[in-house]
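The structure appears below as structure tokens.
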Amino acid sequence: MKANVIGAGLAGCEAAYQLAKRGIQVDLYEMKPHKKTPAHKNDMFAELVCSNSLKAARIGSAAGMLKEEMRYLDSLLMRCADKSAVPAGGALAVDREIFSKLVTEEINNNKNINVINKEIDTLEFDVPTIIATGPLTSDALSDVIKDKFGSSLSFFDAAAPIVKSDSVDMNYAFCASRYGKGDGDDYINCPMNKEEYEVFYNELINAERAPLHDFDVNNPKVYEGCMPVEVMAQRGIDTLRFGPMKPVGLTDPNTGHRPWAVVQLRKENSAGSMYNLVGFQTNLKFPEQKRVFGLIPALKNAEYCRYGVMHRNTFIDSPRLLNSDYSLKSNKNLFFAGQITGVEGYMESASSGLMAGINCARLIKNNNTVVLPDNTMIGALSRYISEESVTKFQPMGANFGVLPELQNRPRDKKLRAEAYALRGLERLKEFISVNNLNS
Numbered sequence: 007m008k009a010n011v012i013g014a015g016l017a018g019c020e021a022a023y024q025l026a027k028r029g030i031q032v033d034l035y036e037m038k039p040h041k042k043t044p045a046h047k048n049d050m051f052a053e054l055v056c057s058n059s060l061k062a063a064r065i066g067s068a069a070g071m072l073k074e075e076m077r078y079l080d081s082l083l084m085r086c087a088d089k090s091a092v093p094a095g096g097a098l099a100v101d102r103e104i105f106s107k108l109v110t111e112e113i114n115n116n117k118n119i120n121v122i123n124k125e126i127d128t129l130e131f132d133v134p135t136i137i138a139t140g141p142l143t144s145d146a147l148s149d150v151i152k153d154k155f156g157s158s159l160s161f162f163d164a165a166a167p168i169v170k171s172d173s174v175d176m177n178y179a180f181c182a183s184r185y186g187k188g189d190g191d192d193y194i195n196c197p198m199n200k201e202e203y204e205v206f207y208n209e210l211i212n213a214e215r216a217p218l219h220d221f222d223v224n225n226p227k228v229y230e231g232c233m234p235v236e237v238m239a240q241r242g243i244d245t246l247r248f249g250p251m252k253p254v255g256l257t258d259p260n261t262g263h264r265p266w267a268v269v270q271l272r273k274e275n276s277a278g279s280m281y282n283l284v285g286f287q288t289n290l291k292f293p294e295q296k297r298v299f300g301l302i303p304a305l306k307n308a309e310y311c312r313y314g315v316m317h318r319n320t321f322i323d324s325p326r327l328l329n330s331d332y333s334l335k336s337n338k339n340l341f342f343a344g345q346i347t348g349v350e351g352y353m354e355s356a357s358s359g360l361m362a363g364i365n366c367a368r369l370i371k372n373n374n375t376v377v378l379p380d381n382t383m384i385g386a387l388s389r390y391i392s393e394e395s396v397t398k399f400q401p402m403g404a405n406f407g408v409l410p411e412l413q414n415r416p417r418d419k420k421l422r423a424e425a426y427a428l429r430g431l432e433r434l435k436e437f438i439s440v441n442n443l444n445s
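Per the working numbering, the sequence shown starts with residue 7, numbered consecutively.
Following this line, the structure appears as structure tokens:
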């Protein structure tokens, strides 16, 4: 029994693991290290490109619910994420290098997985195959997909800069988490007063941006979840103060008051030597990033480990092409998984790889695939990306809006979120048992 997985990103590694644990021999094709996309920086698998945050950790949140469902389903990616976690208040963030290293070791040491370093430029295969080439699918394979299906959708998203922690001027910063969540000092906060913010804002919206390549530069689509900070700022002077620079839940110990605006820095690695500018995805030219972000007092002399970048993401028109088990409607032996299907987010991508791997194995063994219940987050997302009534298809991340409404809906928002999660996890536990999903 054999299968192919194309791409060793988050979805591909999860799919390969799920196939291998079920006794399927897997050929895992990965074009690195021979060829990389502009956004990739290292040779390891499951590289985190945009951010090291895997979103909210609390189970009573959409993102937390999704991750807990993945734990129930023996997710390799969640196991590695939990092992490589760094302090991030109420979020699950990881040390990128340790995370990718753990995933790479698990894949390379699995006797049922054969890694082949080769670029694939075809959709014709002799065995069941999962395409998990991600939002940065190579041009050669993208062209094949476009020729085969007549359409391929694209949008741009961006990554935030990373600075050296010892270059942050702590005379103008303080450590704290909003409302004291986490250990209370998970973030470095860089406060600004009204005058400092307004100077920063005006320079930001007028700063020079890097050119966009291989896309319609006159009308680029930008995914809301990765909106460049300079684009967001153009919506109004207070937009950032109600978004990534919101000061609520924080008190500057130097003044005893809530700041006018705050830039939060989150740990990039377990050593705490690098910090990510939270919510500061950007497409500014590198010198402009240093100049404009240097107007933030605590970052005046910041040294950058990596500047922010913007890159193209590609996803297929899944409602027209895919079944909710992630198989192709026109060919049940070909699956797609990851952000190329239109699920948006690291763990959303991995969850689709998890289900594609389970279903590819079930197809090989007994020709019987499954779709998780619609009140689970994983099941709801798989239904969304395959729902033919969706005409203006856009990437979708975990959110309670994709779930069926609760019968007895609590008025309190937090209790309502917990009710969604409890309902879904109870149903998933039962579904796993009945369908013997973990073996």
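We put the beta carbon where it would ideally sit given N, CA and C, even for glycine.
A quick note: this is a predicted structure, and the numbers were derived from the prediction, not measured.
Of the listed residues M402, Y352, V377, nearest to G363 (C-alpha basis): Checking every option, the nearest Cα to that of G363 belongs to V377.
Cβ neighbour criterion (16 or more within 10 Å) applied to A68: Burial call: buried.
With 16 other Cβ atoms within 10 Å as the buried cut-off, status of K273: It counts as buried.
CB contact flag (D175, A304, <8 Å): Yes. Within cutoff.
Own chain, CB closer than 6 Å to A22, minus 5 neighbours either side, in chain order: Around A22: V11, V32, L34, I119.
Terminal residues of the alpha helix (DSSP H) in which C19 lies: Its alpha helix (DSSP H) spans residues 16-27.
Backbone CA spacing between V235 and Q24 [nearest angstrom]: When only Cα atoms are considered, V235 and Q24 end up about 37 Å apart.
Whole-angstrom distance between E411 and R326, CA atom to CA atom: Here the C-alpha atom of R326 lies approximately 26 Å from the C-alpha atom of E411.
Closer than 7 Å: V440 CB and nearest the ligand GTP heavy atom: With respect to the ligand GTP, the structure shown offers nothing to examine, as it has no ligands at all.
Contact check, I370 vs A9, beta carbons under 8 Å: Contact annotation: I370 and A9 have beta-carbon atoms nearer than 8 Å.
Where N116 sits in the DSSP three-state scheme: In this structure, DSSP gives N116 a state outside helix and strand, which the three-state scheme calls coil.
Range covered by the beta strand (DSSP E) that runs through F321: Run containing F321: 316-321, per the beta strand (DSSP E) assignment.
Nearest to K419 (by Cα), restricted to the options I30, K38, R28, G66: Minimum Cα distance to K419 is reached at G66.
The stretch 80-94 in contact with the stretch 288-300 per 3-pair CB rule at 8 Å: Judged by Cβ distances under 8 Å, the stretch 80-94 makes no contact with the stretch 288-300, as fewer than three pairs qualify.
Bounding residues of the alpha helix (DSSP H) (the contiguous stretch that carries V150): Taken as a continuous stretch (DSSP letters only), the alpha helix (DSSP H) holding V150 covers 145-155.
Among I194, K338, P401, C232, nearest to A164 - alpha-carbon criterion: Nearest option by C-alpha distance: C232.
Option in C56, A26, K154 with minimal Cα separation from N467: Lying before the first or after the last residue shown, residue 467 is absent from the chain, which here runs from 7 to 445.
Residues of its chain near V169, where Cβ-Cβ distance is below 6 Å and the 5 sequence neighbours each way are ignored: Here the set comprises Y281, A308, Y310.
Alpha-carbon to alpha-carbon, V269 and V254: Cα-Cα distance, rounded: 12 Å.
Beta-ladder partner(s) of N329, from DSSP: According to DSSP, N329 bridges with nothing at all.
Beta-carbon gap between C196 and Y207 smaller than 8 Å: Going by C-beta atoms, C196 is not nearer than 8 Å to Y207.
Neighbour-count burial assignment, F105, 16 or more Cβ in a 10 Å radius: F105 is buried by the Cβ-count criterion.
Pairwise C-alpha distance: E204 and S90: If I take the Cα positions, the gap works out to 38 Å.
The stretch 139-151 contacting the stretch 58-65, beta-carbon criterion three pairs below 8 Å: No, because fewer than three Cβ pairs between the stretch 139-151 and the stretch 58-65 fall closer than 8 Å, the two stretches do not touch.
For K273: DSSP bridge partner residues: In the DSSP output, where bridge partners are listed per residue, K273 has Y281.
V205 - DSSP class collapsed to helix/strand/coil: Residue state, collapsed to three classes: helix.
Beta-carbon contacts of S333 that lie in its chain and below 6 Å, excluding the five residues immediately before and after: Excluding sequence neighbours, S333 sits near F341.
Exposure label - P259; buried when at least 16 CB within 10 Å: When all chains shown are included, P259 counts as exposed.
C-alpha gap between I126 and S439, whole angstroms: Cα to Cα, I126 sits roughly 37 Å from S439.
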